[in-house]
Amino acid sequence: MIKQLGVKPTIHASAQVENSFIGEWTEIGPNTKIEESYFGDYSYTAGDAEIIYSSIGKFCSIASHVRINPVNHPMWRVTQHHLTYRLTQYDLADHDDTDFFDWRREHHVNVGHDVWIGHGAIIMPGVTIGTGAVIGAGSVVTKDVPAYTIAVGVPAKPIKRRFSEEVADKIMRIEWWNWDRRLIEERFSDLNNIENFILKYS
1 MIKQLGVKPT
11 IHASAQVENS
21 FIGEWTEIGP
31 NTKIEESYFG
41 DYSYTAGDAE
51 IIYSSIGKFC
61 SIASHVRINP
71 VNHPMWRVTQ
81 HHLTYRLTQY
91 DLADHDDTDF
101 FDWRREHHVN
111 VGHDVWIGHG
121 AIIMPGVTIG
131 TGAVIGAGSV
141 VTKDVPAYTI
151 AVGVPAKPIK
161 RRFSEEVADK
171 IMRIEWWNWD
181 RRLIEERFSD
191 LNNIENFILK
201 YS
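The sequence shown finishes on residue 202 if you use the numbering used here, and the numbering steps up by one all the way, no holes.
This is the structure:
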């Protein structure tokens, strides 16, 4: 049975959302964890996703088992183990290593609008994915991906553009993802035909 979404985010009972903003008409699938992140309107996760220290744009489609901004360990220390920064967990101090977590926050991930991230993809710390991009299933993204580009593989590499640069630039100028609800209700069928869309709104 298909769920009816609404202005209030739909968050599965098994999902965890901590210190994050979740936009309208969103769906957070089962076993998803979102921490210290921004999650834009109409975006969704299919489930079993982990997102931390990230900004996700509007209308993003995040498949199951996606990991966005996985943990970086301190390779410059004698040991890379948790006990050097999760000190309270190991009863080594009464507070954790805040400098380490601040360092992780500095490597924020930015995902543009209308991005499709395929099943099992991993977006590494500090990466920016442009609006309209596609990340193939199982890809490991270690470098920025330009707007309206399809990237696949380990490490992910661009394989082609979704649209020509001219068409992509026109879509970027239209910024349909910022249409309010009234305009979306009036114009949603126009999103199905790129030629008519460009003629009508550019």
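Even for Gly, the Cβ is constructed at its ideal location relative to N, Cα and C.
Since we're looking at a predicted model, the values are computed, not measured.
In angstroms with no decimal places, state the Cα-to-Cα distance between residue i and residue j.
| i | j | result |
| --- | --- | --- |
| Asn-9 | His-119 | Asn is not the amino acid found at residue 9; the sequence shown has Pro there. Near 22 Å, if we compare the C-alpha coordinates of His-119 and Pro-9. |
| Leu-227 | Val-152 | The question about residue 227 has no answer, for the chain in this structure spans 1 to 202. |
| Thr-88 | Phe-101 | 14 Å |
| Ala-168 | Leu-83 | 47 Å |
| Gly-126 | Ile-22 | 21 Å |
| Glu-24 | Glu-36 | 18 Å |
| Ile-150 | Ser-164 | 12 Å |
| His-107 | Thr-45 | 22 Å |
| Asn-193 | Arg-187 | 11 Å |
| Asn-72 | Asn-196 | 45 Å |
| Leu-5 | Ile-198 | 29 Å |
Helix, strand or coil: which one does DSSP assign to residue i?
| i | result |
| --- | --- |
| Tyr-201 | helix |
| Lys-33 | strand |
| Ser-161 | Reading the sequence as shown, one finds Arg at residue 161 and not Ser. Arg-161: strand per DSSP, three-state reduction. |
| Ser-14 | coil |
| Trp-76 | coil |
| Asn-196 | helix |
| Arg-181 | helix |
| Ser-43 | coil |
| Phe-101 | helix |
| Tyr-90 | helix |
| Phe-188 | helix |
| Trp-176 | helix |
| Thr-149 | strand |
| Ile-171 | helix |
| Thr-131 | coil |
| Glu-166 | helix |
| Glu-106 | helix |
Mind reading off the beta-carbon distance from residue i to residue j? Whole number of angstroms is fine, and I expect it under 8 Å.
| i | j | result |
| --- | --- | --- |
| Gly-40 | Lys-58 | 4 Å |
| Ile-123 | Ile-68 | 5 Å |
| Ile-135 | Ala-147 | About 13 Å separates the two Cβ atoms, so there is no contact after all. |
Suppose contacts are defined by Cβ-Cβ distances below 7 Å. Is residue i in contact with residue j by that definition?
| i | j | result |
| --- | --- | --- |
| Asn-110 | Ser-43 | no |
| Thr-32 | Ala-13 | no |
| Ser-20 | Ile-2 | no |
| Asp-96 | Arg-86 | yes |
| Tyr-38 | Arg-105 | no |
Less than 6 Å between the CB of residue i and some heavy atom of the ligand MG, yes or no?
| i | result |
| --- | --- |
| Gly-57 | In the structure shown, the ligand MG is absent, as is every other ligand, since no ligand is present at all. |
Taking only beta-carbon atoms, is residue i less than 7 Å away from chain B?
| i | result |
| --- | --- |
| Gly-138 | Here there is only one protein chain, and chain B is not present. |
- Message: Three Cβ pairs or more, each shorter than 8 Å: is that satisfied between the segment 133 to 141 and the segment 155 to 166?
- Response: Yes: the two stretches touch, three or more of their Cβ pairs being nearer than 8 Å.
- Could you tell me whether the segment 77 to 87 touches the segment 49 to 65, using the rule of 3 or more Cβ pairs below 8 Å? no
- Spell out a yes or no on whether the segment 127 to 137 and the segment 100 to 116 are touching, meaning 3 or more CB-CB pairs, one atom from each, closer than 8 Å. yes
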